[in-house]
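All remarks here apply to the structure that follows.
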Amino acid sequence: MSMNDEFCEVGGETISASDLTVPKAKNFANAIENSNYATLITCKRSNLDSEIIVFNVKVQVGQKTAEDIKKYERLAVVFEKSDTIMPDVLALRKNFPLVPHINLRSEELPRSLCITEQHFSEWRLRYTGATFLENIRTWLALTAKGILHAEDQPLEPLLIGSLGELILPSDFFREDRDSELISITFVETGDQRSVLIAEQPEVVDKSRNSLKYVATILQSTPQLHGIIRSAPENLLELREYLICGNIDLFRELRNLLIEWKKEHKEKGILDARLVIIICLPKIRNRNSIPEEPEIRAFLTAETLKKIGTEIGLWTERDGY
Numbered sequence: 001m002s003m004n005d006e007f008c009e010v011g012g013e014t015i016s017a018s019d020l021t022v023p024k025a026k027n028f029a030n031a032i033e034n035s036n037y038a039t040l041i042t043c044k045r046s047n048l049d050s051e052i053i054v055f056n057v058k059v060q061v062g063q064k065t066a067e068d069i070k071k072y073e074r075l076a077v078v079f080e081k082s083d084t085i086m087p088d089v090l091a092l093r094k095n096f097p098l099v100p101h102i103n104l105r106s107e108e109l110p111r112s113l114c115i116t117e118q119h120f121s122e123w124r125l126r127y128t129g130a131t132f133l134e135n136i137r138t139w140l141a142l143t144a145k146g147i148l149h150a151e152d153q154p155l156e157p158l159l160i161g162s163l164g165e166l167i168l169p170s171d172f173f174r175e176d177r178d179s180e181l182i183s184i185t186f187v188e189t190g191d192q193r194s195v196l197i198a199e200q201p202e203v204v205d206k207s208r209n210s211l212k213y214v215a216t217i218l219q220s221t222p223q224l225h226g227i228i229r230s231a232p233e234n235l236l237e238l239r240e241y242l243i244c245g246n247i248d249l250f251r252e253l254r255n256l257l258i259e260w261k262k263e264h265k266e267k268g269i270l271d272a273r274l275v276i277i278i279c280l281p282k283i284r285n286r287n288s289i290p291e292e293p294e295i296r297a298f299l300t301a302e303t304l305k306k307i308g309t310e311i312g313l314w315t316e317r318d319g320y
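Going by my numbering, the final residue of the sequence shown carries number 320, and the count climbs one at a time with no gaps.
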């Protein structure tokens, strides 16, 4: 933490520590006031539903860190009056790094730290303010070293949210596939989930005069696991997400549609819907090699004809 750091604002009515009414909040504020490693900044009350403790904490960091964690960090902890959910630990520094074990929220800032994987019903039984404060300091110290996620733990997902499953051929990711057309069979399972089956066009039922769903494969550069995001809901959001994987989605689609239109026009290719299959290699830390890929498929709502128009490849006047 430096003089130039900017912090997210914390809303609510300012109150004194003695006016806190949520037991866990009172206990936590008391732990801060009795700690040699933390300083109480202020207390807030939000619409009588929660109480918030804002404080500075000293972190044990070395001269060189794997992540941009400062020796002193400013945090806020939100305690709900209902005491039914885990307190939300927020890193208030606006440029706090995007690291593994950050909770997914509707707003990116302030970042919400996932301090424990324990279920709240178990965690609350052992709660003390002093222990919770030390857990926060430990989270920050281990994150600074890049070792918060243990070596024997499985890698965490990059995206959350899925409405179905994707079945792929065993040779699906062979190196010579490039822009080869892939047919997709869409199967409803009856339990509000869908199954997508990827096949080579030559093995698809020959009685079908056209393809309803087609797919392409894109592979990103390795991604640090555990930086969890919501699944993109449209092509623009997917394009923004793939920038970090060095994929220019719209450029890839433009090249693909031009080639497919020329080679597969007899299959009614432009009337098919597109499935974009993404291979996301995952790494444990920024200096490690990829351990396993995360495979995600995105089914577009529009036909290739409409997508080509939306990404500026052609216009309706072109007769496409």
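Backbone N, C-alpha and C define an ideal beta-carbon position, used for all residues, glycine too. Treat the numbers as computed from the prediction; the structure is a model and nothing was measured.
Between the alpha carbons of I277 and E292 lies a gap of roughly 16 Å. Annotated as proximal: L90 and P110, with beta-carbon spacing under 9 Å.
Taking 9 Å as the cut-off, the beta carbon of R284 is found closer than this to the beta carbon of E151. Where K145 is concerned, the enclosing alpha helix (DSSP H) starts and stops at G129 to K145. Collapsing the DSSP output to three states places S121 in a helix. Per the coordinates, the alpha-carbon of F28 lies some 10 Å from the alpha-carbon of Y127.
Judged by their CB atoms, P100 and L224 are nearer to each other than the 9 Å cut-off. T315 and I184 have their C-alpha atoms some 26 Å from each other. When DSSP reads this structure, T221 sits in no beta bridge, so it has no partner. In the three-state scheme derived from DSSP, where H, G and I count as helix and E and B as strand, R193 is classed as coil.
In the structure shown, F172 falls within a coil segment according to DSSP collapsed to helix, strand and coil. In the pairwise beta carbon analysis, the region 128-140 is classified as touching the region 49-57: at least three pairs are separated by under 8 Å. Per the DSSP secondary-structure output, A91 pairs in a beta bridge with L75 and R111.
Judged by DSSP secondary structure, G308 falls within the alpha helix (DSSP H) whose first and last residues are L304 to E310. With contacts defined by Cβ atoms closer than 9 Å, L236 and L158 do not form a contacting pair. Each of E108, S50 and E199 was checked against the Cα of K81, and the nearest Cα belongs to S50. Scanning its chain for C-beta atoms nearer than 6 Å, with the 5 sequence neighbours on each side dropped, one finds around I217 the residues I277, in chain order. Here the C-alpha atom of I247 lies approximately 22 Å from the C-alpha atom of E108. Taking all protein chains shown into account, E73 has 16 or more neighbouring C-beta atoms within 10 Å of its C-beta and is therefore buried. Here G190 is exposed: its Cβ has fewer than 16 other Cβ atoms, across all protein chains shown, within 10 Å.
Between L155 and S194 a beta carbon distance of about 26 Å is seen, past the 8 Å cut, so the two are scored as non-contacting. Nearest Cα to L142 within the set I69, V275, D271 and E165: I69.
Under the three-state reduction of DSSP output, R239 falls in the helix class.
Around the CB of R273, 16 or more other CB atoms lie within 10 Å, so the residue is classed as buried. Excluding the 5 residues flanking it on each side, I160 has same chain C-beta neighbours closer than 8 Å at L104, I228, R229, S230 and A231, in chain order.
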